[in-house]
Amino acid sequence: MRSVIQQKAEEALVYTQVAQAQKDDSPELMMLITHTQLEARAAYIQAITVFAEMMQKRIKLVGKHL
């Protein structure tokens, strides 16, 4: 199963490749690419935040048993 991060990153890549192939630098397409890239970055940041919170909990648990 593909993650949201991977899906959005691939979507942005496809849009970018299409824009390059068609030599299309229209503002609408550039905004679509930018928006999709931002969604991928936001999902990545959320994933890192969740991971960091999980690691903090694990560190606290391990610290209690030392």
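Residue 54 is where the sequence shown starts when you use my numbering, and the numbers rise one by one after that. A virtual CB, placed ideally from N, CA and C, is assigned to each residue, including glycine.
- The stretch 73 to 91 and the stretch 100 to 119 do not touch, with fewer than 3 CB-CB distances between them shorter than 8 Å.
- In this structure Leu85 is in contact with Tyr68, their Cβ atoms being roughly 6 Å apart against a cut-off of 8 Å.
- Rounded to whole angstroms, the gap between the alpha carbons of Ile98 and Arg55 is 17 Å.
- DSSP places Leu119 outside any alpha helix (DSSP H), giving it a letter other than H or E.
- In this structure, DSSP gives Gln75 a state outside helix and strand, which the three-state scheme calls coil.
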